[in-house]
Amino acid sequence: MANKNPIIAALDVPTVEQALRLAEQLAPAVGAFKIGKELFVSAGPDIVKRVRATGASVFLDLKFHDIPHTVAKAVAAAVRLDVQMLTIHTSGGSEMMRAAEKSAQDTAKSLGLSAPLVLGVTVLTSMDSNALAEIGCAPNVGRHVERLATLAANSGLRGLVCSPLEIADLRGILPAEIQLVTPGIRTGAEKADDQKRTLTPREAMAAGASWLVIGRPIYAAENPRAAAEKILATLV
Ligand code: C5P
Numbered sequence: 012m013a014n015k016n017p018i019i020a021a022l023d024v025p026t027v028e029q030a031l032r033l034a035e036q037l038a039p040a041v042g043a044f045k046i047g048k049e050l051f052v053s054a055g056p057d058i059v060k061r062v063r064a065t066g067a068s069v070f071l072d073l074k075f076h077d078i079p080h081t082v083a084k085a086v087a088a089a090v091r092l093d094v095q096m097l098t099i100h101t102s103g104g105s106e107m108m109r110a111a112e113k114s115a116q117d118t119a120k121s122l123g124l125s126a127p128l129v130l131g132v133t134v135l136t137s138m139d140s141n142a143l144a145e146i147g148c149a150p151n152v153g154r155h156v157e158r159l160a161t162l163a164a165n166s167g168l169r170g171l172v173c174s175p176l177e178i179a180d181l182r183g184i185l186p187a188e189i190q191l192v193t194p195g196i197r198t199g200a201e202k203a204d205d206q207k208r209t210l211t212p213r214e215a216m217a218a219g220a221s222w223l224v225i226g227r228p229i230y231a232a233e234n235p236r237a238a239a240e241k242i243l244a245t246l247v
């Protein structure tokens with residue numbers, strides 16, 4: 012999918028009504044909407060179709076992690092919902108990643124659709140070196156991110172989710188065509204919250220991001236549409 016507008020607005024709101032109101036308001040000003048676990052589990056798969064009906068692309072962020080067969084089936088179901096991006100955990104291993112990518116390609120082809128971008132999630136930003144050591148990994152977050160990112164690229168994935176502070180390092184080691192999607196974006200105008208290591212939209216794009224996932228700076232703004240337009244204006 013082409014990303015003339017790299018803003019992915021996270022629909023991190025609890026109800027269908029709020030999500031649809033936001034989506035209708037924001038559709039002309041953003042490149043895609045992210046639907047995460049809370050909204051998907053409470054609203055059901057129909058929410059994807061209803062958001063797609065605004066004309067916008069959908070990023071289904073359910074972070075699949077299971078045996079290859081099960082992930083392939085879940086990816087196929089997501090393709091049938093007509094999502095344009097979705098996430099899987101790279102720690103599921105190369106066989107799982109290959110199965111996910113193949114399922115995305117094959118299912119899309121059989122339906123006459125473009126294959127969605129299957130994005131690999133590396134190390135969750137909630138994990139530090141102690142948490143990695145606890146699960147038996149070498150206690151170095153940066154190294155583990157690089158290792159999983161390289162494995163993802165070698166397993167055929169065409170994109171990854173990463174923290175804004177990982178973009179530059181990953182751009183140094185990954186093929187240029189790999190798309191990098193980054194949350195942790197702050198403009199500087201909003202209240203402090205739980206995001207600790209952030210970049211501005213412009214900084215993240217300059218570092219090599221392909222897409223920016225932006226939640227509160229847009230949906231919690233007094234005028235979400237104006238907030239999205241203001242961010243977009245900083246990128247041209
Ligand atoms: O409101 P905010 O802009 O922080 O929202 C960022 C979105 O990206 C949320 O949906 C959040 O769950 C997601 N995310 C994140 N950091 C990660 C992975 C995902 O903020 N490391």
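Residues in the sequence shown are numbered consecutively from 12, following this note's numbering. Beta carbons are placed, not taken as given, at the ideal position from N, Cα and C, and that holds for glycine.
Asked: For M96, which residues does DSSP report across the bridge?; Found: F70, L128
Asked: Please list the terminal residues of the continuous beta strand (DSSP E) segment that includes L223.; Found: 222-225
Asked: Relative to the C-alpha of G104, which residue among P175, P228, A160, G170 is closest?; Found: A160
Asked: DSSP beta-bridge partners for T118?; Found: Its beta-bridge partners do not exist; DSSP assigns none.
Asked: Taking DSSP as the reference, what is the three-state secondary structure of Q206?; Found: coil
Asked: According to the Cβ coordinates, are L33 and P235 closer than 8 Å?; Found: yes
Asked: Over the uninterrupted alpha helix (DSSP H) stretch that includes I58, give me the two end residues.; Found: 57-63
Asked: Between the C-alpha atoms of A218 and T26, what's the straight-line distance to the nearest angstrom?; Found: 35 Å
Asked: A106: which of D93, A239, S166 sits nearest, CA to CA?; Found: The displayed chain sequence assigns Glu, not Ala, to residue 106. Residue S166 is the option with its Cα nearest to E106.
Asked: What residue from D77, M138, F70 has the CA that sits closest to A126's CA?; Found: F70
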